[in-house]
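Protein chains in written order, with UniProt numbering: chain E, 1 to 305; chain L, 1 to 305.
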């Protein structure tokens with residue numbers, strides 16, 4: 001898999017710490033994390049010392065680091081889930097994998113941990129095919145190919161900018177959906193990666209993504225925060241906005257965005273019903289934002305993210 | 001599932017008979033076929049009597065029926081795989097499911113036959129979502145939903161015109177791919193249905209499809225035959241052309257095209273290497289045809305297929 005193609009030191013794993021005690025999170029991920037360099041960014045609004053177990057290769061960034069680099073006046077935009085974007089800013093690696101701290105590795109049928117980082121790297125280092133949809137999903141996956149009728153001129157594909165993973169157990173639903181279907185859990189493991197076609201918009205979740213920072217890094221900014229945004233995933237839309245920026249940039253630069261594997265196992269936290277009044281602001285904004293992203297066209301002269 | 005929503009007599013299953021002895025094909029499908037009305041169209045180029053086992057509700061059409069209805073001069077366009085289109089023409093049902101005669105039902109992990117017809121009907125009778133990609137695939141499948149960030153105004157979806165199934169064992173590759181990788185078999189069961197986004201082109205295979213004939217029936221015509229076309233699936237592109245017509249029509253009429261489940265199990269026939277010299281004509285034509293379909297825009301005044 002990916003290990004033959006890239007070195008582990010080309011990868012940074014970025015973790016935005018929204019909870020103080022990362023012990024169980026880090027221990028669950030130890031078999032995967034121990035091979036890579038980690039960047040942990042403490043939510044500047046989080047009080048108390050972070051608890052991080054020993055034995056990892058990591059750099060920790062806190063409010064003072066954020067203030068030093070970007071000035072205290074703008075540090076507000078790196079609070080909450082947006083603290084991860086500070087990690088993207090200070091990383092110098094080609095590949096960045098971002099993992100929410102309420103996720104643990106998914107396991108295959110035999111109980112073995114799925115190496116989600118390796119899957120993201122595979123997605124990012126094999127070509128993407130945004131200009132024609134392959135009905136057998138990713139033609140570069142083992143055991144599959146381009147189906148009959150796929151134009152040969154498009155089979156070499158293009159570079160992949162962004163890899164979006166999914167979630168078992170608690171899927172990434174919004175607060176209204178969670179509140180309506182509190183018992184709904186995702187147990188369907190869809191064994192596929194696909195390139196989302198060019199010009200198709202999608203809701204990118206920041207919970208489980210990887211990206212090529214040389215290609216699209218500058219597009220991953222905490223540009224969009226709701227005034228009443230909360231500390232639960234379903235109360236935020238920063239990643240949805242950022243994802244649409246990245247998708248538009250990838251479409252313009254003829255890069256690919258993949259979606260599907262790897263899965264994380266997401267654990268519960270918070271009450272969706274409590275969140276409902278905060279959420280609606282983001283939900284309503286989406287109605288205005290999506291037509292904008294669907295119609296925006298970038299200048300031909302723009303050739304980098 | 002679908003049985004609560006539509007009646008079995010709203011469905012025609014169309015089978016183009018390219019081989020004389022349909023006994024084992026029909027017996028494999030008996031548990032599924034026995035509930036529905038079948039239309040069997042004998043390839044007008046096929047000699048000898050068809051062997052069809054008893055106990056099915058079917059109408060058989062042969063060369064003389066084709067000649068009678070459309071005149072002998074144009075019957076050429078219904079030869080080979082294109083004979084199925086005659087079945088589409090004579091059907092009066094709302095839903096048409098088309099099955100190649102070298103396919104048998106796929107089986108689930110417990111060895112139970114998968115009811116492919118029920119899955120096509122489910123795909124066709126639940127909404128499609130072509131205007132925004134849902135990362136958890138079909139939001140109308142059991143146990144799944146729209147993910148956070150999906151615009152609420154798009155969640156009611158649109159009607160589905162075409163449902164494209166896939167293939168286990170021998171996948172639908174072209175002759176060059178088959179010749180290069182003769183041992184490649186598809187064993188990856190991807191448990192998902194998705195709406196292919198609007199304006200994304202795709203290679204529709206005629207092996208395993210269902211469609212709503214009231215919505216898109218007239219677009220499924222045998223409009224495109226190669227002069228040197230042969231009698232093996234990989235030697236034809238009639239369905240690829242037809243599929244792009246249907247996709248363009250669906251995009252224009254704001255209908256959906258779904259891809260994924262159900263799977264058929266496809267059995268071997270023919271030699272890919274022998275076919276290579278016939279295939280290239282179609283492969284080369286695709287290079288010209290795809291940009292046409294990607295750029296064609298239909299008149300606003302056109303409101304039916």
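In this text, a Cβ means the ideal position worked out from N, Cα and C, and glycines have one as well.
Chain E contact residues for residue i, given Cβ-Cβ distances below 8 Å
i	result
residue 171 of chain L	136, 144, 145, 147
residue 310 of chain L	Since the first residue shown for chain L is 1 and the last is 305, residue 310 of chain L is missing from the structure and cannot be characterised.
residue 93 of chain L	Chain E residues near residue 93 of chain L: none, gap ~25 Å exceeds 8 Å.
residue 283 of chain L	152
residue 196 of chain L	133, 197
residue 259 of chain L	133, 135
residue 181 of chain L	145
C-alpha gap between residue i and residue j, whole angstroms
i	j	result
residue 213 of chain E	residue 56 of chain E	23 Å
residue 54 of chain E	residue 42 of chain E	17 Å
residue 243 of chain E	residue 30 of chain L	48 Å
residue 75 of chain L	residue 94 of chain L	Its pLDDT being 49, under 50, residue 75 of chain L is placed unreliably in this model, and the value from its coordinates should be taken loosely. Roughly 25 Å separates the two Cα atoms.
residue 61 of chain L	residue 36 of chain L	17 Å
residue 130 of chain L	residue 59 of chain E	43 Å
residue 179 of chain L	residue 276 of chain L	8 Å
residue 303 of chain L	residue 252 of chain L	8 Å
residue 109 of chain E	residue 88 of chain L	43 Å
residue 14 of chain L	residue 90 of chain L	10 Å
residue 51 of chain E	residue 6 of chain L	58 Å
residue 281 of chain L	residue 257 of chain E	32 Å
residue 305 of chain E	residue 235 of chain E	28 Å
residue 65 of chain L	residue 78 of chain L	11 Å
residue 301 of chain E	residue 162 of chain L	39 Å
residue 26 of chain E	residue 48 of chain E	18 Å
residue 38 of chain E	residue 70 of chain E	21 Å
residue 32 of chain L	residue 117 of chain L	7 Å
residue 23 of chain E	residue 28 of chain L	55 Å
Interface residues of chain L facing residue i [CB-CB closer than 8 Å]
i	result
residue 166 of chain E	135, 136
residue 308 of chain E	Residue 308 of chain E lies beyond the range of chain E shown here (1 to 305); nothing can be said about it.
residue 191 of chain E	188, 189, 190, 191
Paired residues, beta bridge with residue i - DSSP
i	result
residue 259 of chain E	E:164, E:194
residue 96 of chain E	E:12, E:211
residue 40 of chain E	E:15, E:60
residue 105 of chain E	E:264
residue 21 of chain E	E:51
residue 186 of chain E	E:169
residue 128 of chain E	E:158
residue 113 of chain E	E:107
Under 8 Å between C-beta atoms of residue i and residue j
i	j	result
residue 103 of chain E	residue 208 of chain E	yes
residue 80 of chain E	residue 231 of chain E	yes
residue 149 of chain L	residue 240 of chain E	yes
residue 154 of chain L	residue 132 of chain L	yes
residue 222 of chain L	residue 119 of chain L	no
residue 210 of chain L	residue 97 of chain L	yes
residue 101 of chain E	residue 19 of chain E	yes
residue 121 of chain E	residue 11 of chain E	yes
residue 44 of chain E	residue 63 of chain E	yes
residue 143 of chain E	residue 188 of chain L	yes
residue 286 of chain E	residue 151 of chain L	yes
residue 199 of chain E	residue 269 of chain L	no
residue 168 of chain E	residue 265 of chain E	yes
residue 248 of chain E	residue 296 of chain E	yes
residue 197 of chain E	residue 197 of chain L	yes
residue 255 of chain L	residue 220 of chain L	no
residue 170 of chain E	residue 267 of chain E	yes
Partners in chain L for residue i, counting only beta-carbon separations shorter than 7 Å
i	result
residue 199 of chain E	199
Closer than 7 Å at the beta carbon, the chain E residues around residue i
i	result
residue 153 of chain L	287
residue 174 of chain L	148
residue 246 of chain L	The contacting residues do not exist; residue 246 of chain L stays about 13 Å from chain E at best.
residue 237 of chain L	149
residue 234 of chain L	148
residue 62 of chain L	Those do not exist, as residue 62 of chain L stays about 28 Å from chain E at its closest Cβ, beyond 7 Å.
Within chain L, the residues that residue i reaches when beta carbons sit closer than 9 Å
i	result
residue 205 of chain E	135, 147, 148, 149
residue 101 of chain E	Per Cβ cutoff of 9 Å: no residues; residue 101 of chain E is ~17 Å from chain L at best.
Chain E contact residues for residue i, given Cβ-Cβ distances below 9 Å
i	result
residue 126 of chain L	Those within 9 Å of residue 126 of chain L in chain E number zero; the least Cβ separation is about 16 Å.
residue 132 of chain L	200, 201, 202, 203, 290, 294
Near the ligand FAD: residue i beta-carbon under 7 Å from a heavy atom
i	result
residue 58 of chain L	The ligand FAD is absent from the structure shown, which contains no ligands of any kind.
Taking one C-beta from the segment 165-178 of chain L and one from the segment 128-140 of chain L each time, how about it: are there three or more such pairs within less than 8 Å? no
Could you check whether the segment 183-197 of chain E touches the segment 112-130 of chain L, counting it as contact only if at least three pairs of C-beta atoms, one from each stretch, sit closer than 8 Å? no
Counting Cβ pairs closer than 8 Å, one from the segment 284-295 of chain E and one from the segment 157-172 of chain L, do we hit at least three? no
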